[in-house]
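Numbering-wise, my numbering comes out as the position in the sequence shown, counting from 1, plus 15.
Ideal Cβ placement from N, Cα and C applies to all residues, glycine included.
This report refers to the structure that appears directly beneath it.
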Amino acid sequence: MKKIIIATKNKGKAKEFKELFAAYELDAISLNELDGIPDVEETGSTFKENAALKAEQIASMLSLPVIADDSGLMIDALDGKPGVYSARYAGEDKSDQANIDKVLTELHNVPETKRTAHFICVLAVAVPGSATTYYIGYCHGRIAHSPIGKNGFGYDPIFIPKGFQQTMAQLSPEEKNAISHRRNALKELEASLNKQDILLDR
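Here it is in structure tokens:
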């Protein structure tokens, strides 16, 4: 069985990728299962650049196909912020609550019709000897006026997906995963696999 490395230590992400690739007889291995892989510094100015940095550096180290993702929240009224700085918007300590508080403060006087936003996920697949390929998924919605809900993480308590009245943090994990930006990016990747992508070598 061919191997592909999942450049994440997030168990939830790794599980999702493993389930997808198993159907294509690909053995997905997360960074939690490997020793000695250093963290890759995300110095890119775009989601695409950061995803590629992780995928390409680890692919070069291991001489194996690697998939990496970078994702975040983009708010129209804030000119696309927090963007690539989503995880550390309120500082390098990466506090979800501090990030939420900062966003809500900046949107304090912004009316309902102007609070549109979207989550984005960019997947980069680096295969040694081949050009890196990219798959992008979105989840559109709007920013609530206050945080609600206990599920999820990050900005989920203040993000209301399009077509819903609840925040992401009020949805069940199954409901969230069905509409998330990561799931939509995975759908793009799966469509590529179904077209006998180079990753399958068949």
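Residue burial is scored here from C-beta neighbours: Asp54 has fewer than 16 other C-beta atoms within 10 angstroms and is therefore classed as exposed. Within the same chain, and ignoring the five residues on either side of Ala102 in sequence, the residues whose Cβ sits closer than 6 angstroms to its Cβ are Lys109. In this model, Gly144 and Val81 are separated by some 12 angstroms (Cα to Cα). When C-beta atoms of the stretch 36 to 43 are compared with those of the stretch 16 to 25, three or more pairs fall below 8 angstroms, so the two segments count as touching. Of Glu189, Pro188 and Pro162, the smallest CA-CA separation from Thr182 is found for Pro162. Within the model, the alpha-carbon separation for Gly167 versus Leu79 is close to 32 angstroms. In this structure the stretch 117 to 128 does not lie against the stretch 190 to 200, because fewer than three pairs of beta carbons, one per stretch, are closer than 8 angstroms. According to the DSSP assignment, His133 belongs to the beta strand (DSSP E) that extends over Thr131 to Ala141. DSSP places Thr120 within a helical segment (H, G or I) once states are collapsed to three.
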